[in-house]
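Written below as C-alpha cells is the structure these notes are about.
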Amino acid sequence: MLDFSLLGPLRGWHDRLPLDLGRPQQQAVLAALLLTPQQAVTDRRLIEAVWGEDEQRWPCNATGVLRTHVSRLRRALGQASATAAQAVASVTGGYRLDLARERIDAHRFDDAIAAGFALRHDDPSAARACLTEALGLWVGSALDRVPGPLAERARRELTERRLAAIELRMELDLRLGGWREVAAEAEALVAEHPLRERFHYLLTLAHHQGGRTAEALASFERVRELLAEELGLNPGPQLMELHEELVSGAPARPIGRQVACGRLRPRQLPHANGDFVGREDAIAVLEGRLRTPERREPPIAVIDGGAGTGKTALAVHLGHRVQDAYPDGQLFADLKAGQGPGWMRRPCCRASCGRWAPDRPWRPPTPTPWRRSTSGPWPAGGSWSCSTTRRVRSRSRHCCRMHRAVPRS
1 MLDFSLLGPL RGWHDRLPLD LGRPQQQAVL AALLLTPQQA VTDRRLIEAV
51 WGEDEQRWPC NATGVLRTHV SRLRRALGQA SATAAQAVAS VTGGYRLDLA
101 RERIDAHRFD DAIAAGFALR HDDPSAARAC LTEALGLWVG SALDRVPGPL
151 AERARRELTE RRLAAIELRM ELDLRLGGWR EVAAEAEALV AEHPLRERFH
201 YLLTLAHHQG GRTAEALASF ERVRELLAEE LGLNPGPQLM ELHEELVSGA
251 PARPIGRQVA CGRLRPRQLP HANGDFVGRE DAIAVLEGRL RTPERREPPI
301 AVIDGGAGTG KTALAVHLGH RVQDAYPDGQ LFADLKAGQG PGWMRRPCCR
351 ASCGRWAPDR PWRPPTPTPW RRSTSGPWPA GGSWSCSTTR RVRSRSRHCC
401 RMHRAVPRS
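Using UniProt numbering, you'd call the opening residue of the sequence shown number 1 and step up by one each time.
Written out as C-alpha cells, the structure is:
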C-alpha cells in the first residue's frame, strides 16, 4: 500500500518502507499529481507546475522532459512493487494518480480540520481532538524544498489552513479552561507571526481569563503599536472590545458558542482543470438544471458514459461553475473506491455531519447531525464518481429525502 506525506518534505512509503522519490523536479511532478489524486492532470499543467506558465522558461521539448520525469517516477515506485508503478496512469493528454485521498496526509488533514470546525459548538473536546490529530500530521514546512510555482502556492494555502486550525484549537483550549497553555503558546506564535492579529487577540484574552490584567493590557499595547507602525492601522473590533473590557474591569466573558466565527464549509471538489474544453451543450443543460431558481428540492443530475470519456472531469468542472449557488459547500465521493456498505466515504460524512470516529458507520443514527450541519438553503453540491450505475441504483434505497420545517410568515 502506498502512502505519501506533503506536510513536510515530500515523502513516500510502500508498506511502510520509504521510497526514493528522486530529484526535485521529479518530486514537483509527483506533488502535482498528489494534490489532485484520481483526477487527470494534463501535460501542460504538469509542465507549468514545474517551470511556470511562461513558455520562455520551459526547457526544449518540455513534454519529453516531463515524460522522462514520469518514467523515472514509475521506476522509483516499481522498485517497491509492480502494482505501485501502475499508480501513475497515462490518460489522454496527461497522467492520473490512482490513489485514495486517505493515503495522502494533506487530504487527511483537510478532512480532520473540517470535522473539528463542524464539532466546535456541540462537542469542543472532540473538536479539539480532531484538530490536534490534524496538526500532528505536520513535520515541517509543507512540500519543503519541492520546487515550482504549484508547490509554492500549495505551500501557502496549506500553511494558512494550518494557522486557522491552530487558532481554533487555541480558542477551544480557552473554552476548556486552558488559559495558561494558550498564553505560553500564543507568546511564541505572536513572535513568529507578528502581524497575525488573531494570535495577539488570543494572547490578550488568555491573560484576561487568567486574571492577569496588567499582562493583558501590555499585550494589547504591543499589538496596537505594531499595527500602527507597520500598517498604519488600528486593532480590529474584537481586540478593541476586549480592551474596553480590560479598562472597565469587567470579568472575562465565557467564549461559549462564540468560539469561532463562521462555519467552515466543506470544499471537497478536486482542483478545477483550467484546460477543460468542449461539452458546451451538456454544460448549458446541466448548469441550467442546477441553477433552477426557487427550486423546492435539491436538483440531481447524472452523467453517464463509458470509462475514460471524461464524466468525472465534466462533473468537477460543472461543480466549480455552480459553486456560488451552493454556498454551504461541495462534497466529492469516489464511489468506485468504496468497499462494502461503507461506500459513502468517511470524509463526506465527517465534513457534512462533523463525525470523526474511524469505526462509526457512514450513516448517522439520527438525522439530527445532518440537519445541524445543513442550516443553509441547501446542504451542498455533491459530485459522485462511480464506475457503474448499478451500484448507485442498488444502494439508492439507503438514501433519504430530508425535509426541514421553516416558520411560516
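Glycine residues also receive a C-beta, built at the ideal position from the N, C-alpha and C atoms.
In this structure, what does DSSP give as the bridge partners for residue i?
i	result
Ile104	Phe4
His14	Leu2 and Leu17
Ser81	Ser81 pairs with nothing; no bridge assigned.
Pro9	Asp144
residue 410	Past the edges of the chain, shown from 1 to 409, lies residue 410, and the structure says nothing about it.
Val41	Tyr95
Where residue i and residue j are concerned, what is the direct C-alpha to C-alpha distance, given to the nearest angstrom?
i	j	result
Ala250	Asn234	22 angstroms
Gly148	Trp51	6 angstroms
Ala183	Gly210	9 angstroms
Val41	His69	15 angstroms
Ala282	Gly178	55 angstroms
Leu286	Glu181	52 angstroms
Ala260	Ala112	Low per-residue confidence applies at Ala260: pLDDT is 39, beneath 50, and the placement is therefore not dependable enough to give any value.
Phe332	Gln79	32 angstroms
Glu230	His200	15 angstroms
Leu189	Arg67	43 angstroms
Gln39	His208	49 angstroms
Leu227	Arg156	23 angstroms
Glu152	Pro18	24 angstroms
Leu77	Glu245	59 angstroms
Arg72	Asp304	35 angstroms
Arg145	Ala164	23 angstroms
Arg45	Ala118	34 angstroms
Pro124	Glu215	27 angstroms
residue 414	Gln323	Any property of residue 414 remains undetermined from this structure, which presents the chain solely from 1 to 409.
Val65	Leu318	32 angstroms
Val302	Leu314	11 angstroms
Arg57	Gly94	20 angstroms
Report the option in the options whose CA atom is closest to the CA atom of residue i.
i	options	result
Ser219	Leu2, Leu242 and Gly232	Leu242
Cys130	Phe109, Ser141 and Ser5	Phe109
Glu225	Val139, Leu195 and His69	Leu195
Leu168	Thr213, Arg155, Arg156 and Ala134	Ala134
Asp122	Lys311, Gln26, Glu197 and Leu172	Leu172
Gly310	Arg175, Arg279 and Pro124	Arg279
Thr204	Ala191, Glu221 and Ala301	Glu221
His193	Ala216, Ala252, Gln323 and Ile166	Ile166
Arg198	Gly236, Ala214 and Arg175	Gly236
Arg161	Ala114, Glu185, Leu176 and Leu202	Ala114
Val88	Ala313, Asp54 and Leu34	Leu34
Give me, in chain order, the residues of the same chain whose beta-carbon lies closer than 6 angstroms to that of residue i; leave out the 5 immediate sequence neighbours on both sides.
i	result
Gly116	Ala127, Cys130 and Leu131
Arg16	none
Asp3	Trp13 and Arg103
Gly140	Gly8
CB-CB under 7 angstroms to residue i, same chain, minus the five flanking residues each way: which ones, in chain order?
i	result
Glu102	Arg108
Ala106	Leu6, Leu7 and Leu158
Leu143	Leu6, Leu10, Ala31, Ala151, Ala154 and Arg155
Suppose the cutoff is 8 angstroms on Cβ atoms and the five residues either side in sequence are ignored; what does the same chain contact list for residue i look like?
i	result
Pro1	For the sequence presented, residue 1 should be read as Met rather than Pro. Within the same chain, Met1 has close Cβ partners His14, Asp15 and Arg103.
Could you check whether the Cβ of residue i sits closer than 8 angstroms to any heavy atom belonging to the ligand SAH?
i	result
Thr213	The model on display carries no ligand, and the ligand SAH is accordingly not part of it.
Worksheet item: Which ranges would you report for the alpha helix (DSSP H) in the stretch 179 to 235 if only whole runs of at least 4 residues count?
Response: 179 to 192, 197 to 209 and 213 to 231
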